[in-house]
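Colleague: Here the protein sequences line up with chains A and B, keeping their order.
Just so you know, we're using our numbering here: the first sequence kicks off at 16 and counts up by one.
Just so you know, we're using our numbering here: the second sequence kicks off at 16 and counts up by one.
My questions will all concern the structure given below.
There are 2 protein chains.
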Amino acid sequence: MSNCDTCLVRNRAICSALAPEELGALAKLGRKQMVTRGQTLVWEGDEALVVANVIQGVLKLSVSTADGREQIVGVVFPSDFIGRPFGKESPYGVTALTDAEVCVFTRAAFDGFAKEHPDLQHKLLERTLDELDRARQWMMLLGRKTASERIATLLLEISNRLGSTSCSAITPFLNEFDLPMDRQQMGDVLGLTIETVSRQLTKLKEADMIALPDRRRVVIKDRRRLENIALAA
Amino acid sequence: MSNCDTCLVRNRAICSALAPEELGALAKLGRKQMVTRGQTLVWEGDEALVVANVIQGVLKLSVSTADGREQIVGVVFPSDFIGRPFGKESPYGVTALTDAEVCVFTRAAFDGFAKEHPDLQHKLLERTLDELDRARQWMMLLGRKTASERIATLLLEISNRLGSTSCSAITPFLNEFDLPMDRQQMGDVLGLTIETVSRQLTKLKEADMIALPDRRRVVIKDRRRLENIALAA
DNA sequence: ATAGGCTTTTGACTTAGGTCAATGCCCCGC
DNA sequence: GCGGGGCATTGACCTAAGTCAAAAGCCTAT
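Here is the structure:
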């Protein structure tokens, strides 16, 4: 891999915990890899042999039942960490929602390196705690929110995550963006069917809170009102 | 606090990462505290001033909407860790489901101690990763499982968690136990109403998979069949 | 033992969201 | 421009779970 100096997520990924010379050592263990949309990096239930940092693109973490129902249990953006360090099979699959670039490490190599670098582990702990908080917020959504509340929440969440990712903007969110997923995948994140997703989007559009210039694009026209719905107040 | 030697969870809590003299230092920072059923230890949205280990009893982590809907986003058992170290307000409240005993630290003191003890942080990281996996499994339940699948999953989960907690048994689960929560709280964990919980329990009873000798007690009579339902196969 | 206040169960009815089936739309190659 | 394959939307209908209300168990205090 080597060239962390030009890495797009150099300052935001967990690597930012490391001093230059440590970074060099870590870099020797990893390699950059392209992943195309739909490609699966880790299968649900497989022993988790790799961990990775996301450099570009968006990936999903998903769980399926034996009879084929799917739930997306996490969506990872650039600078996020992927994988299950320290043993265990991966309880979820990791699949690219868009073409993506990741910085991959074998788990064995990463675990060993992490054990010697408390700062890295600390960073990883903070990230994992944040991820846990996010997962719990999502549990509230899945357990108690209505379809329209769920859709509003998702649109705002994506707007925020893409916003803090994009280097350009000063704003911490984007009012116009491309969805990194299709309707089916939105349903899989929200615990809804594709039809319900579509109907709710139409309703938000008719209420003039959003515009949908094409399949993927979303324009948030009235953030205030959308937030009000999302908060389930 | 001082007496870790006689602590019921000495070998399972994160403290087990520490050597005796380090444990002594940590002990000076903490104190044992009794919590009675229904008592709230941390309020949702408050700055999280304390963290704790659970010694005895069961507590819930819960999130509420402005209009009063509640979702329980975690249930903690003896030896589990409570709280949000390293900054941030607590995104959920912590309330005792049963009378409980916890070993409390101020966050400031704990954070400081943890920074100097990588082994402790490592243990905490492993635990947080496990907790995250559990949360994600629960997201699948909330997003995609039917009412009966949810109930079956909850009963088995409690059976397992109580089993690995009880020092007595060789088995990793219990076939007979007292629920650490009432029907409303079961609903709040499962994203269901109290009436649906009650009806589904009656159905499992009528199908002879469980018996319900009294409000709190559950006897698992046919684990195999219950597991089959829980897996959503 | 008895009354009163709980929680839980059961029943009757409603509804949000799911299912199934058309239809529309967009993009791409020809 | 034309046709075909995917997505996405819309419509009509169905059902699992929610709501509202009543009855049944239970504990506790008297």
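Backbone N, C-alpha and C define an ideal beta-carbon position, used for all residues, glycine too.
May I ask you to report which of helix, strand or coil DSSP gives G83(A)?
Modeller: It is coil, neither helix nor strand.
Colleague: Between M196(B) and V88(B), what straight-line distance do the alpha-carbon atoms span, to the nearest angstrom?
Modeller: Straight-line Cα distance between these residues: approximately 14 Å.
Colleague: Could you tell me whether any Cβ in chain B is nearer than 9 Å to the Cβ of G60(A)?
Modeller: It does not: the Cβ of G60(A) has no partner Cβ on chain B nearer than 9 Å.
Colleague: For P100(A), count neighbouring C-beta atoms within 10 Å of its own C-beta (all shown protein chains included) and say buried if the count is 16 or more, exposed if not.
Modeller: P100(A) is buried by the Cβ-count criterion.
Colleague: Apart from the five residues on each side of it in sequence, which residues of its chain come closer than 7 Å, Cβ to Cβ, to R198(B)?
Modeller: The residues are I209, V212 and S213.
Colleague: The alpha helix (DSSP H) spanning V204(A) covers which residue range?
Modeller: R198 to L205 is the extent of the alpha helix (DSSP H) around V204(A).
Colleague: Considering A67(A), what are the terminal residues of the beta strand (DSSP E) in which it resides?
Modeller: It spans V65 to Q71 - the beta strand (DSSP E) in which A67(A) sits, taken as one unbroken run.
Colleague: Could you tell me which whole alpha helix (DSSP H) segments of length 4 or greater appear in the segment 83-171 of chain A?
Modeller: Fully enclosed alpha helix (DSSP H) runs of 4 or longer: 122-131 and 133-159.
Colleague: Where DSSP assigns a beta bridge to M49(A), which residues make up the other side?
Modeller: Beta-bridge pairing links M49(A) to E116(A).
Colleague: Let me check one thing: in DSSP terms, what residues is S77(A) bridge-paired to?
Modeller: Note: S77(A) sits in a beta bridge opposite I87(A) and G108(A).
Colleague: Would you call the segment 113-128 of chain B and the segment 49-57 of chain A touching, i.e. three or more CB-CB distances under 8 Å?
Modeller: No: fewer than three Cβ pairs fall under 8 Å.
Colleague: Taking Cβ to Cβ, would you say F120(A) is nearer than 9 Å to V204(A)?
Modeller: Taking 9 Å as the Cβ cut-off, F120(A) and V204(A) do not qualify as a contacting pair.
Colleague: Report the option in A162(B), I70(B) and F188(B) whose CA atom is closest to the CA atom of L219(B).
Modeller: Closest option to L219(B), Cα to Cα, is A162(B).
Colleague: Would you report the Cα separation of A28(A) and V90(A), rounded to the nearest angstrom?
Modeller: Roughly 16 Å separates the two Cα atoms.
Colleague: Could you pull out every residue in the same chain whose Cβ sits closer than 8 Å to the Cβ of R25(B), ignoring the five residues on either side in sequence?
Modeller: Cβ neighbours of R25(B) beyond the five flanking positions: C19 and S31.
Colleague: Within 9 Å of any Cβ in chain B, is that where the Cβ of L170(A) sits?
Modeller: Not an interface residue.
Colleague: I need the straight-line Cα distance from A42(A) to K75(B), nearest angstrom please.
Modeller: Cα to Cα, the separation comes out at about 42 Å.
Colleague: Under 8 Å: do the segment 163-177 of chain B and the segment 168-178 of chain A share three or more Cβ pairs, one atom per stretch?
Modeller: These segments do not touch.
Colleague: G178(B) to A247(B), Cα distance in whole Å?
Modeller: Cα to Cα, G178(B) sits roughly 23 Å from A247(B).
Colleague: At a Cβ cut of 8 Å, what residues of the segment 127-149 of chain A count as close to chain B, listed as they run along the chain?
Modeller: The segment 127-149 of chain A vs chain B, Cβ under 8 Å: K130, P133, Q136, H137, L139, L140, E141, T143, L144, E146, L147 and D148.
Colleague: Between W153(A) and M154(B), what straight-line distance do the alpha-carbon atoms span, to the nearest angstrom?
Modeller: Those two C-alpha atoms are separated by around 8 Å.
Colleague: Along chain A, which residues have their Cβ under 7 Å away from the Cβ of M154(B)?
Modeller: Under the 7 Å cutoff, chain A gives Q86, V88, A150, W153, M154 and L157.
Colleague: Would you grab the beta carbon distance between A67(B) and E104(B) for me? Rounded to a whole angstrom, and I think it's under 8 Å.
Modeller: The Cβ separation is near 17 Å, so there is no contact.
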